[in-house]
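In terms of my numbering, the sequence shown opens at residue 6 and continues consecutively. First the structure, in the form of structure tokens, and then the observations on it.
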Amino acid sequence: MTEFEAGRAAVPIGREEEIDRILRCLDVRSGAQGLLVLGETGTGRSLLLRFAEESAAARGSRVLSARGWGGEEPAPFASLYRLLLPVLDVPGMFPKDRWPVLRTAFEPGAGAGPQERRALCAVTLALLTRLARTNPLLVAVHDAQDCDDASLDVLFSVRRQLTDQAVTMLFTAHGEGPPSGVPADLPVLRLGPLSPGAAARLLDAQPDAPRGRLRLDLLRQAEGNPLAIVDLHRASRVGAGSGSAPQVFASRLDVLPEDTQRALFYASAALREEELRIVMAALGTDDLTVWTPAEEAGLIGIADGRLAFGHPLVRAAAFHRQPAKLRQRAHRDLAAAAGQSPAYRAWHLAAAAIGPDEVVASALERATAVHAARAGDHFASAEALEQAARLSGNDLDRARRLAAAMTAASTLGDPEWVRDLYAEFSRVDRDPDLRCTAACAMAAALSLLSFQREAFGLLLDMWRHSPPRTATTSFALTALAAAITHQSGLPEHRKELPRLLDHARRLARATPGSGDDGDEHSGRVTPAGRTEPVGPCEFPRLTGPGVLAALEAYVSVGLDADAHGGSTARRVPVPPSGPLDGPLDGPLDGPIPPTRLLTHASVAYYTDESEQCAEMYRQASTLHGARGAWGSRVWTLANHVDTLIAMGRWPQAQALIEEGRSDAVVHRLPRVDMDLEALEVTLRALRGDSLPDIPFTSPHWRSVNLAENHATRARMLRASGLHALALGDAERAFRHFRSLFGEDGSPLVPFLSPRSVGELAAAAQRVGRKEEAARVLGALRAGLGERPTTRMTLLMHHATALVDEVADPEHHFRLGLVNPEGDTWPMERAQARLHYAIWLRRRRRPLEARAQLTAVLEVAARLDARALADAARGELRATGVADASASTSAERLTELTAQQQQIARLAAVGLSNREIGDRLFLSPRTVGSHLYNVYPKLGISSRHQLRDLLHDV
6 MTEFEAGRAA VPIGREEEID RILRCLDVRS GAQGLLVLGE TGTGRSLLLR FAEESAAARG
66 SRVLSARGWG GEEPAPFASL YRLLLPVLDV PGMFPKDRWP VLRTAFEPGA GAGPQERRAL
126 CAVTLALLTR LARTNPLLVA VHDAQDCDDA SLDVLFSVRR QLTDQAVTML FTAHGEGPPS
186 GVPADLPVLR LGPLSPGAAA RLLDAQPDAP RGRLRLDLLR QAEGNPLAIV DLHRASRVGA
246 GSGSAPQVFA SRLDVLPEDT QRALFYASAA LREEELRIVM AALGTDDLTV WTPAEEAGLI
306 GIADGRLAFG HPLVRAAAFH RQPAKLRQRA HRDLAAAAGQ SPAYRAWHLA AAAIGPDEVV
366 ASALERATAV HAARAGDHFA SAEALEQAAR LSGNDLDRAR RLAAAMTAAS TLGDPEWVRD
426 LYAEFSRVDR DPDLRCTAAC AMAAALSLLS FQREAFGLLL DMWRHSPPRT ATTSFALTAL
486 AAAITHQSGL PEHRKELPRL LDHARRLARA TPGSGDDGDE HSGRVTPAGR TEPVGPCEFP
546 RLTGPGVLAA LEAYVSVGLD ADAHGGSTAR RVPVPPSGPL DGPLDGPLDG PIPPTRLLTH
606 ASVAYYTDES EQCAEMYRQA STLHGARGAW GSRVWTLANH VDTLIAMGRW PQAQALIEEG
666 RSDAVVHRLP RVDMDLEALE VTLRALRGDS LPDIPFTSPH WRSVNLAENH ATRARMLRAS
726 GLHALALGDA ERAFRHFRSL FGEDGSPLVP FLSPRSVGEL AAAAQRVGRK EEAARVLGAL
786 RAGLGERPTT RMTLLMHHAT ALVDEVADPE HHFRLGLVNP EGDTWPMERA QARLHYAIWL
846 RRRRRPLEAR AQLTAVLEVA ARLDARALAD AARGELRATG VADASASTSA ERLTELTAQQ
906 QQIARLAAVG LSNREIGDRL FLSPRTVGSH LYNVYPKLGI SSRHQLRDLL HDV
């Protein structure tokens with residue numbers, strides 16, 4: 006369970022927080038420390054304690070260690086004797102008058118009464134104190150629950166009497182609660198299951214780690230238990246199922262009564278979701294006492310009509326220790342149990358099946374897969390469809406079910422599983438519609454795995470040789486091609502999109518009612534004459550109001566300069582008799598299909614409608630998260646995080662990064678992890694966190710071809726530029742920002758590169774490369790056209806003020822700050838204010854500079870942007886402000902007179918100078934004079950800012 010070597014100590018995977026807690030305990034500068042580490046079998050208690058021992062030894066500490074006696078009944082003070090044995094023979098360690106106490110206590114048959122315990126406590130305290138005088142001391146006790154009570158009593162008494170000594174006492178124990186006798190004041194560290202990402206990293210550290218379905222299945226079975234992960238993987242490699250569970254579990258099962266062993270076997274064959282009554286019906290009994298021995302042994306727990314195993318390896322051992330014939334019988338009995346649901350019945354019948362069985366395959370497809378998908382368990386849905394394909398009686402049904410399984414696995418977000426299914430599908434494929442569905446799923450998988458050229462080539466080849474025959478399929482293919490193009494950034498991909506979109510539009514015009522309610526996908530008739538349920542080959546997620554129009558807009562936004570310039574996406578041109586849906590810019594009230602939400606959000610992202618974008622991403626994330634559809638979210642995750650960062654919602658962005666990187670590890674998505682790592686570096690640089698010299702440490706950066714993943718490269722370049730600026734290396738920062746644009750100034754990625762133009766200009770100004778940045782600015786201005794978005798307009802004014810020698814800097818600074826919509830992107834606005842303040846100060850206008858800098862400090866405090874705050878304080882000192890520390894809005898408000906506060910509050914709610922004057926019996930000119938004096942005191946320059954400031958107060 007180790008990840009890497011740190012000195013001599015092996016660092017356990019996924020236990021970073023626990024390790025930090027233990028390392029703090031080893032720091033004895035503040036006095037004696039103690040900690041009890043609790044956990045179930047296989048959670049890594051002993052590994053963490055060994056880590057503590059090795060870390061302490063590497064720091065020069067002396068380590069005394071002992072462990073419990075297992076199944077033996079230890080003699081009194083036996084554990085203490087084991088602990089002290091290494092120092093008992095050290096010359097001069099004990100005064101001569103203390104030897105009789107030790108000799109008597111450790112002799113066989115010695116007493117362990119209160120008098121003996123007090124005496125031995127005094128000797129042990131003196132010994133540990135003497136040892137700690139020369140070096141810090143670690144006392145490590147493994148498996149305290151198996152130690153003798155007398156030894157623990159002495160050690161706990163000694164711990165209470167240690168005060169300033171450099172002694173750390175660490176204990177481990179099995180279970181969820183401390184063993185009897187443990188003092189209540191001893192801090193406890195409980196080890197729970199590993200997080201999904203940590204569990205996946207541990208599995209990846211094993212030799213020949215599985216991938217695809219086998220990988221996900223193993224992780225689900227292990228339930229985050231480290232020992233279960235390692236053991237189940239080892240068993241799968243040797244083809245032994247899980248019958249090789251540790252002996253401790255096998256021996257605990259062997260001592261149970263036969264009827265209890267049989268009951269546990271049936272429970273292990275049941276699905277985790279099945280109720281206890283089904284298991285008992287399969288057993289043919291209603292007597293709950295059959296479970297009592299297993300409950301008393303801690304192997305299971307029963308509550309609320311359900312049974313849960315205490316450890317995942319107990320379930321595995323109980324099932325796989327039985328021969329195949331009995332396992333088949335158990336599944337058939339569970340399938341036949343009274344009250345069994347159709348979905349679970351089909352699953353058990355499939356588990357009992359040996360060869361093709363169309364009846365069971367159909368039940369898996371119709372009941373199990375549908376039930377799992379509705380419950381949000383897309384793994385179970387894809388697994389059921391894959392199993393149904395294997396049980397199919399003919400190639401057509403097998404191909405259809407494999408295509409459906411690919412779509413479910415794609416929705417789950419596991420591209421390697423999709424790739425495995427596609428290889429199997431390719432051997433039986435005969436249907437062009439199914440081929441299109443499979444190609445889309447496979448292309449999506451290839452894109453997530455970073456192979457953009459191969460992904461786009463697969464879609465293009467499919468479109469040329471077997472063009473889609475429905476509008477839904479055509480729009481699905483085209484939208485996926487557009488998503489791949491946004492990621493690749495390759496011109497050869499972009500030039501193919503108009504033909505794909507035109508084909509989809511023609512099909513939409515020729516298909517009345519397409520996309521409204523899914524009528525064209527109500528089902529299909531097989532050669533046998535029966536109607537099959539709607540499958541993913543018809544893309545049911547793309548039916549419903551507004552979806553196809555949203556997809557059309559999503560594709561168009563990358564092709565239409567006006568769309569990128571901020572205009573609303575246009576409706577799909579269809580005849581009046583069969584409109585696709587409502588317009589994209591219509592209201593979003595009421596239930597909206599998740600796919601439409603994500604597509605709307607993506608269009609809003611590319612057109613800089615950040616508020617709408619963030620809200621729709623949030624709604625879509627909630628829907629997809631509840632449904633377990635990670636595969637749908639993963640395509641827009643980086644855009645979502647980028648939007649939150651730009652809007653100053655940094656805690657939300659950080660939480661989403663951590664969640665996304667964990668899921669990316671589980672599903673082995675290196676490119677997604679790289680995107681999120683780049684955004685995390687970006688966020689840390691904007692915050693001003695302590696940064697390493699090398700921003701990126703992930704091994705993925707050496708394995709992913711950035712030449713066909715321009716979007717990832719663009720995020721990396723921006724993050725590297727901000728990282729360099731945070732370290733004070735403006736020359737390196739300029740090189741990174743400049744690489745976001747070609748030699749002719751064309752953006753590397755049309756929707757990402759332009760948003761860094763202000764940062765490019767700032768770096769260029771610092772290193773004397775203004776002329777080069779101005780050429781990029783000119784090319785960018787020409788490319789944006791006459792209607793750039795509000796955000797890009799503000800960024801362009803900011804950049805022009807910094808590097809355009811011909812333009813009037815103050816004019817552009819003011820234009821870059823005048824629009825109140827700029828507050829949507831607080832960091833970009835604050836940076837523009839900072840640069841404007843520097844320009845004002847250098848022109849001997851300190852009062853105006855202070856007003857801008859005060860506003861910058863307000864934003865920096867709200868965002869916790871420490872580097873920005875430090876820069877603003879430095880500029881404030883340069884303007885002559887002695888104390889440039891940030892003050893809050895409330896503090897600045899108290900500096901106003903009572904009348905000024907009253908006027909400010911009335912102005913903040915929208916009253917004009919005349920209306921304020923009427924209320925306070927003042928002339929409008931007097932009100933204006935007061936406000937003129939109020940603004941600099943509050944560090945603002947407009948009524949809009951006054952409203953926001955007083956709203957915060």
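Note that the Cβ used here is the ideal one computed from N, Cα and C, for glycine as well. These numbers come from a predicted model, not from an experiment.
Compare the Cα-Cα distances from Arg164 to each of Asp153, Ala145, Gln150 and report the closest residue. Taking the first residue of the sequence shown as position 1, residue 164 is located at position 159. Considering only alpha carbons, the answer is Ala145.
Does His336 pass the burial test, meaning 16 or more other C-beta atoms within 10 Å, or should it be called exposed? Within the sequence shown, the letter at position 331 stands for residue 336. Buried: at least 16 other Cβ atoms inside 10 Å.
Same chain, Cβ closer than 6 Å to Ala385, neighbours up to 5 away in sequence not counted: Here residue 385 refers to the residue found at position 380 when the sequence shown is read from its first residue. If we look at Ala385 and ignore the five residues flanking it on each side, its Cβ neighbours are Ala377.
Determine the direct distance from the alpha carbon of Gly381 to that of Ser471, and round the result to whole angstroms. Along the sequence shown, read from residue 1 onward, the residue named residue 471 stands at position 466. Along the sequence shown, read from residue 1 onward, the residue named residue 381 stands at position 376. Their Cα atoms are separated by approximately 33 Å.
Beta-carbon within less than 6 Å of Asp813's beta-carbon, same chain only, minus the 5 sequence neighbours each way: which residues are those? The residue labelled residue 813 in the question sits at position 808 within the sequence shown. Within its own chain, no residue has a Cβ closer than 6 Å to the Cβ of Asp813 once the five positions on either side in sequence are excluded.
Residues near Arg282 in its chain [Cβ-Cβ closer than 8 Å; skip 5 each side]: Translated into the one-based positions of the sequence shown, residue 282 becomes position 277. Closer than 8 Å at Cβ, skipping near neighbours: Gly310, Gly344.
Option nearest Arg871 by Cα separation, candidates Ala735, Ser626, Ala731: On the sequence shown, residue 871 is found 866 positions in, with the first residue counted as 1. Minimum Cα distance to Arg871 is reached at Ala731.
Is the separation between the beta-carbon of Leu858 and that of Ala865 shorter than 7 Å? Here residue 858 refers to the residue found at position 853 when the sequence shown is read from its first residue. Here residue 865 refers to the residue found at position 860 when the sequence shown is read from its first residue. Cβ atoms of Leu858 and Ala865: not closer than 7 Å.
Length of the line joining the Cα atoms of Arg834 and Trp655: As a first step, residue 834 must be located in the sequence shown, where it is residue number 829. As a first step, residue 655 must be located in the sequence shown, where it is residue number 650. Going by the C-alpha atoms only, they are around 16 Å apart.
Boundaries (first-last residue) of the beta strand (DSSP E) holding Thr173: In the sequence shown, the residue the question calls residue 173 occupies position 168. Where Thr173 is concerned, the enclosing beta strand (DSSP E) stretches over 172-179.
To the nearest angstrom, report how far apart Arg20 and Pro599 are at their CA atoms. Mapped onto the sequence shown, residue 20 falls at position 15. Mapped onto the sequence shown, residue 599 falls at position 594. Going by the C-alpha atoms only, they are around 36 Å apart.
Along the chain, where does the beta strand (DSSP E) that runs through His147 open and close? Start at 1 with the first residue of the sequence shown, and residue 147 comes out as number 142. The continuous beta strand (DSSP E) containing His147 extends over residues 142-147.
What are the start and end residues of the alpha helix (DSSP H) that includes Ala313? What you label residue 313 is simply residue 308 of the sequence shown in a count that begins at 1. Run containing Ala313: none in the alpha helix (DSSP H); it sits in the beta strand (DSSP E), 311-314.
Along the chain, where does the alpha helix (DSSP H) containing Leu194 start, and where does it finish? Taking the first residue of the sequence shown as position 1, residue 194 is located at position 189. Premise fails: Leu194 lies in the beta strand (DSSP E), 193-196, not in any alpha helix (DSSP H).
List the whole-angstrom C-beta distance separating Ala719 from Leu757, where the pair is believed to meet the contact cut-off of C-beta under 8 Å. As a position in the sequence shown, residue 719 is number 714, starting the count at 1. As a position in the sequence shown, residue 757 is number 752, starting the count at 1. Yes, they are in contact, since the Cβ atoms of Ala719 and Leu757 sit about 4 Å apart, within 8 Å.
Pair every Cβ in the segment 406-414 with every Cβ in the segment 424-443, then say whether three or more of these pairs are closer than 8 Å. yes
Report the rounded CA-to-CA distance for Arg267 versus Ala287, giving the unit in angstroms. Stepping through the sequence shown from its first residue, residue 267 is reached at position 262. Stepping through the sequence shown from its first residue, residue 287 is reached at position 282. Cα-Cα distance, rounded: 11 Å.
Segment limits, beta strand (DSSP E) that includes Val42: By one-based count along the sequence shown, residue 42 stands at place 37. Where Val42 is concerned, the enclosing beta strand (DSSP E) stretches over 38-44.
For Arg13, collect the residues of the same chain with a Cβ closer than 6 Å to its Cβ; drop the 5 residues on either side in sequence, then sort them by chain order. Position 8 of the sequence shown, counting from 1, holds the residue named residue 13. With a pLDDT of only 47 at Arg13, under the threshold of 50, the placement of this residue in the model should not be trusted, and no figure is reported.
Does the contact criterion of 3 or more C-beta pairs under 8 Å hold for the segment 782-798 versus the segment 743-762? yes
Do Arg838 and Ala806 have their CB atoms nearer than 7 Å? Locating residue 838 in the sequence shown gives position 833, where the first residue counts as 1. Locating residue 806 in the sequence shown gives position 801, where the first residue counts as 1. Going by C-beta atoms, Arg838 is not nearer than 7 Å to Ala806.
Return the bridge partner residues of Ser70 from the DSSP annotation. If you number the sequence shown from 1, residue 70 lands on position 65. According to DSSP, which records beta bridges pairwise, Ser70 is partnered with Ala145.
Give me the DSSP bridge partner(s) of Ala308. Stepping through the sequence shown from its first residue, residue 308 is reached at position 303. According to DSSP, which records beta bridges pairwise, Ala308 is partnered with Arg311.
Should Glu900 be labelled buried (16 or more other beta-carbon atoms within 10 Å of its own) or exposed? Here residue 900 corresponds to residue number 895 of the sequence shown, with the count starting at 1. Burial call: exposed.
Distance between beta carbons of Arg673 and Asp421, contact taken as under 8 Å: As a first step, residue 421 is located in the sequence shown; it is residue number 416 there, counting from the start. As a first step, residue 673 is located in the sequence shown; it is residue number 668 there, counting from the start. A small fix is needed here, since residue 421 is Glu in this sequence, not Asp. Confirmed, Cβ separation roughly 6 Å.
In the structure shown, what three-state DSSP assignment does Pro656 receive? Counted from its first residue, the sequence shown places residue 656 at position 651. Helix at Pro656.
Buried versus exposed, by CB contacts within 10 Å (16 or more), Leu898: Position 893 of the sequence shown, counted from the start, is the residue given in the question as residue 898. Per the 10 Å Cβ criterion, buried.
What separation, rounded to the nearest whole angstrom, lies between the Cα atoms of Arg910 and Pro831? Within the sequence shown, numbered from 1, the residue matching residue 910 stands at position 905. Within the sequence shown, numbered from 1, the residue matching residue 831 stands at position 826. Whole-angstrom Cα-Cα distance: 23 Å.
Please look up how many angstroms separate the CB atoms of Val319 and Leu304, rounded, as I've assumed it's under 8 Å. Here residue 319 corresponds to residue number 314 of the sequence shown, with the count starting at 1. Here residue 304 corresponds to residue number 299 of the sequence shown, with the count starting at 1. Indeed, because the Cβ distance is near 5 Å, the residues count as touching under 8 Å.
CB of Leu369 within 7 Å of CB of His353, strictly: By one-based count along the sequence shown, residue 369 stands at place 364. By one-based count along the sequence shown, residue 353 stands at place 348. No, the Cβ-Cβ distance between Leu369 and His353 is not below 7 Å.
Span separating the alpha-carbon of Gly636 from that of Ser493: Numbered from 1 along the sequence shown, position 631 holds the residue referred to as residue 636. Numbered from 1 along the sequence shown, position 488 holds the residue referred to as residue 493. Straight-line Cα distance between these residues: approximately 19 Å.
Does the distance from the C-beta atom of Ala766 to that of Phe739 stay below 7 Å? Position 761 of the sequence shown, counted from the start, is the residue given in the question as residue 766. Position 734 of the sequence shown, counted from the start, is the residue given in the question as residue 739. No, the Cβ-Cβ distance between Ala766 and Phe739 is not below 7 Å.
With distances taken from CA atoms, which of Asp875, Met652, Gly827, Gly933 is nearest Leu862? Within the sequence shown, the letter at position 857 stands for residue 862. Nearest C-alpha to Leu862: Asp875.
Taking the straight line between their C-alpha atoms, what separation do you get for Asn714 and Gln457? Within the sequence shown, residue 714 is the residue found at index 709, counting from 1. Within the sequence shown, residue 457 is the residue found at index 452, counting from 1. Spanning the two alpha carbons is a distance of roughly 7 Å.
DSSP three-state label for Phe746, please. Residue 746 sits at position 741 when you count from the first residue of the sequence shown. Reduced to three states, the DSSP call for Phe746 is strand.
Locate the alpha helix (DSSP H) running through Lys775, then write down its first and last residues. If you number the sequence shown from 1, residue 775 lands on position 770. Note, Lys775: alpha helix (DSSP H), 775-789.
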